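Written as structure tokens, this is what we have:
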């Protein structure tokens, strides 16, 4: 659907809402999938309209789309199930269990069993995890809070939670403008035209000498002079046809449509209005003004009284789409990170910081001596440290070599993560930028070194013009340059600043990519990715060093800067007018340094000033609160929020960093602390042997705390999530749940199947669009719903069978082709390899956990643990040599793994404590097979020496 068609849907939604067609509004929201009405969703949840809730959700997502969607549907169906139990309606509860909750059994069979067992209790509150369950109303409200967090974090709802801003009754206004235009083209315009229909174009019917009306003219193009002035009553607040007004020269966003023919009908598009307005009055000259004295045409004539009766008087000029405008999130000061939970000793003055976009506790730091570090703030561990050096001095320019020869000192001016966290960039105070690739299981690797600018490189950012990842830099040479992130080739140079360029802010609106830049003379310019120069040139408050940033949802633009006299300014911009919309108060009269700022949650602003961190609500100019982080901050500390806003890093005056946490951040840090305690526990202490595999649903148990992201990066297998954890009343607490296998032996029945005829065989070629590689290991999942392969190039492939009329169970079958499943990131599970030995020549091995949530695998390198839901690596361990040749999970404890080695030993490894508990010897050659007994405490092994051991 085109952009204009999409906007038309929004206009119709507004019209239907103003006309009180409430059910139709929500039906169109669902069918179009353009706008998720959170207010309507909240009302339905509080009313317990579960069927309507699921119908509405299905317009935007399905259960199997991603883990966020799965968790949303699970929470809703679980609440419906608990309410049926609370009403003692056992029959309904069983129906919900079978029809609605059964689908989740394939992802976590143990959880489904535990839910089923609630039927045996007189009161499900007898279950320890549900003992705090209150009444129905409070339970729904608690669940609603969690559902809103999941929806806001779900990428499928991105850009669908906010209704576009435009004036009320916009569709009526457009119709009136159209009728005015049609009336101007009438050959014989009447002063009081009678509008009877909108189904055909309007044309005034001239009267004859005897007063009779001639037959209506045919609907042919009208040619004639501009009509004489006529008058007829306006419609409500909408007067005559108003000309399109060109934006002011200083408008921030109005320039985006200039020289951009891809945006059709600029005068009609409704939103965002400034992206489609013509850049000059020339466009309006093609459309004559309504003649003087002629008022607007009213399409609601006497024949439309039924419409007049439905109209609401006194329409305001603001958006009046009641119940449709996105309700702002309700935040309190408890959501601000104000409690100091970590102090990191960097050792040199910190110049720049940035949290990883996915792993919420990994912090990138650059210093005044040119080194960069990666910190895991939860464990206080420095993951990597890279002192500055020129990677290839011989390839460097003479100005760079001369600058380093004259003064070897160099500082990091800015360090940032790429949008997906797989790349990071560092801008230095002399000429160059360095780009690293990043893998959570290893150190950053050198990727590109670019001699970018003459003098210092003051800022670096990543952008996606033309759907290609690029690096944007600016420097002392007054230029802005765009580089290809893959090969380092220069793509654009933007010239026009008259002073060194201080900062960059790449962004996009609709399909338009652009860059804001600021220089140290206080000039702000805006650039499209072309060679036509700056589209905007205006002054920033303070006329000196200024940085710009958008809110997290990309809808609001802010800047913060300090003048040469030390006066600081934090403002919000009105993009459509190029003017300051709001100026925030609370800075000291004279700042000692350039004030730094950041935004979070599309709701809060923070700036370092007066040895403190000051916070503002974006909608209130008065300072919300200030904290001193227990003292030790410089006059103007640098600061940075993590993506979820649960942690805040701030620099200290003693070359360190303090990490402040909100309540969500505190829960995240406590979880990491408990994991560190388990890791450091001595062997003599009792070790909880319960499994710590996170089930597929629990990995997003608390979106706001950033827990899901940190779990994906975790270097240990995390605790399982039971009913209480999946329940919305206490989602932040992780509890171990030991798998029950007591009934497994009962299920192990002997079977025999004889194939006596070739007709009983059926061949099926599996679809495969991934780079080819010989399949070296192939196993079915324990559920029988999928097939997992490991190729010789160390890449995993997963095929899943879908439920259909021909395959009601969704089990593996040769009658229907499965689908090759790939994660949203498009990055397959890939094993670590031994660089000294090709993967094709290395021994490959693979094993699945009992609940199919995790896969352990190796291809000659380290053993890797992957999350089967996300395809992301959780941890790697046991570097070769010797390499692993066979893997097996313990049937009763997924944390215990038997690993057959190339040197003929079998190592019993505990993932939770990250150590080898036992090393078994007896074979003379590499291990070729391992199997645990399901009921006996026995491990059987086989080796290439043709021996079997027990």
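Residue numbers (the UniProt record's numbering): 1 to 950. Even for Gly, the Cβ is constructed at its ideal location relative to N, Cα and C. Note that the coordinates shown come from a computational prediction; the quantities given were computed from them, not determined experimentally.
Euclidean distance between Cα positions of residue 84 and residue 142: Approximately 18 Å between the Cα atoms of the pair.
Can you tell me which of 617, 774, 534 puts its alpha carbon nearest to the alpha carbon of residue 551? Among 617, 774, 534, the Cα nearest to that of residue 551 is on 617.
Just to confirm my understanding: we take residue 354, look at its own chain, exclude 5 residues before and 5 after, and list those with CB closer than 7 Å. What are they? Excluding residues within five positions, the ones whose Cβ falls inside 7 Å are 364, 415, 416, 417, 640.
Following the continuous alpha helix (DSSP H) through residue 38, name the residue where it begins and the one where it ends. First-last of the alpha helix (DSSP H) with residue 38: 38–47.
Assuming residue 477 and residue 499 are in contact, meaning their beta carbons sit under 8 Å apart, how far apart are those beta carbons, in whole angstroms? No, residue 477 and residue 499 are not in contact; Cβ-Cβ is about 11 Å, not under 8 Å.
Among 374, 604, 378, 857, which one has its Cα closest to the Cα of residue 386? Closest by alpha carbon: 374.
I'd like to know if the region 905–915 and the region 872–888 are in contact, where contact means that at least 3 CB-CB pairs between them fall below 8 Å. Yes: the two stretches touch, three or more of their Cβ pairs being nearer than 8 Å.
Taking residue 542 as the reference, which of 558, 536, 570 has the closest Cα? Nearest of 558, 536, 570 to residue 542, Cα basis: 570.
I'd like to confirm the pairing. Which residues does DSSP put opposite residue 915 in its beta bridges? Per DSSP, the beta-bridge partners of residue 915 are 910.
How far does the beta strand (DSSP E) with residue 557 in it reach, from first residue to last? Counting along the chain, the beta strand (DSSP E) containing residue 557 begins and ends at 557–562.
Which same chain residues, not among the five before or five after residue 584, have their C-beta less than 6 Å away from its C-beta? Correct list, in chain order: 570, 616, 621.
Could you round the C-beta distance between residue 427 and residue 458 to whole angstroms and report it? I think they count as a contact, below 8 Å. With 8 Å as the limit, residue 427 and residue 458 qualify as a contact, their Cβ atoms being about 7 Å apart.
Under the rule that 16 or more other beta-carbon atoms within 10 Å means buried, what is residue 489, buried or exposed? So residue 489 counts as exposed.
Within this structure, are the beta carbons of residue 101 and residue 77 separated by less than 8 Å? Cβ distance < 8 Å, so residue 101 and residue 77 count as in contact.
Per-residue DSSP class, three states only, for residue 616: Looking at residue 616 - three-state DSSP - the assignment turns out to be strand.
What's the gap between the Cα of residue 308 and the Cα of residue 168? Low per-residue confidence applies at residue 308: pLDDT is 33, beneath 50, and the placement is therefore not dependable enough to give any value.
Less than 8 Å separating the beta-carbons of residue 636 and residue 593? In this structure, residue 593 lies closer than 8 Å to residue 636 by Cβ.
Exposed or buried, residue 58, counting other C-beta atoms within 10 Å across all chains shown (16 or more means buried)? By the neighbour-count rule (16 or more Cβ atoms within 10 Å), residue 58 is not buried but exposed.
Quick one: residues in its chain with C-beta nearer than 8 Å to the C-beta of residue 580, no 5 flanking neighbours on either side, listed in chain order? Counting only Cβ-Cβ distances below 8 Å, and skipping sequence neighbours, we find 541, 571, 572, 573, 574.
Since residue 139 and residue 68 are thought to touch, with beta carbons under 8 Å apart, how far apart are those beta carbons, to the nearest angstrom? Between the beta-carbon of residue 139 and that of residue 68 there is about 21 Å, and that puts the pair past the 8 Å contact cut.
Should residue 360 and residue 647 be called a contact, given that it needs their Cβ atoms to be closer than 8 Å? Less than 8 Å divides the Cβ of residue 360 from the Cβ of residue 647.
Which same chain residues end up closer than 6 Å to residue 871 when comparing Cβ atoms and leaving out the 5 residues on each side of it in sequence? Taken in chain order, the residues that qualify are 823, 829.
Would you give the residue range spanned by the beta strand (DSSP E) that residue 548 belongs to? First-last of the beta strand (DSSP E) with residue 548: 545–550.
For residue 47, count neighbouring C-beta atoms within 10 Å of its own C-beta (all shown protein chains included) and say buried if the count is 16 or more, exposed if not. By the neighbour-count definition (other C-beta atoms within 10 Å, threshold 16), residue 47 is an exposed residue.
Can you give the Cα-Cα distance for residue 505 and residue 548, rounded to whole angstroms? The straight-line gap separating the alpha-carbon atoms of residue 505 and residue 548 is approximately 6 Å.
Let me know if residue 200 comes out buried or exposed under the rule of 16 or more other beta-carbons within 10 Å of its beta-carbon. When all chains shown are included, residue 200 counts as exposed.
Beta-carbon proximity of residue 790 to residue 844, cut-off 8 Å: At a Cβ-Cβ threshold of 8 Å, residue 790 and residue 844 count as neighbours.
Keeping to the same chain, check which residues put their C-beta closer than 8 Å to that of residue 762; ignore five residues upstream and five downstream. Excluding sequence neighbours, residue 762 sits near 814, 815.
Segment limits, beta strand (DSSP E) that includes residue 417: For residue 417, the uninterrupted beta strand (DSSP E) run begins and ends at 412–417, by DSSP.
Looking at C-alpha atoms only, which residue of 132, 164, 595 is the closest neighbour of residue 14? Ranking 132, 164, 595 by Cα distance to residue 14 puts 164 first.
For the alpha helix (DSSP H) that contains residue 399, what are its first and last residues? 398–406 is the span of the alpha helix (DSSP H), which, as asked, contains residue 399.
How would you call residue 222, buried or exposed, if buried means at least 16 neighbouring beta carbons within 10 angstroms? Any answer about residue 222 is weak, because its pLDDT of 28 lies below 50 and its placement is not dependable; what the coordinates show is given next. With fewer than 16 Cβ atoms within 10 Å of its Cβ, residue 222 is classed as exposed.
Nearest to residue 597 (by Cα), restricted to the options 614, 590, 73, 66: Distances from the CA of residue 597 to each of 614, 590, 73, 66 were compared; the closest alpha carbon is that of 614.
Can you tell me whether residue 483 is buried or exposed, with buried defined as 16 or more other CB within 10 angstroms of its CB? Its Cβ being crowded by 16 or more others within 10 Å, residue 483 is buried.
Select from 545, 129, 669 the residue whose C-alpha is nearest the C-alpha of residue 378. Check the Cα spacing between residue 378 and each of 545, 129, 669: the tightest is with 669.
Tell me whether residue 44 is buried or exposed, calling it buried when 16 or more other Cβ atoms sit within 10 Å of its Cβ. With 16 or more other Cβ atoms inside 10 Å of its own Cβ, residue 44 counts as buried.
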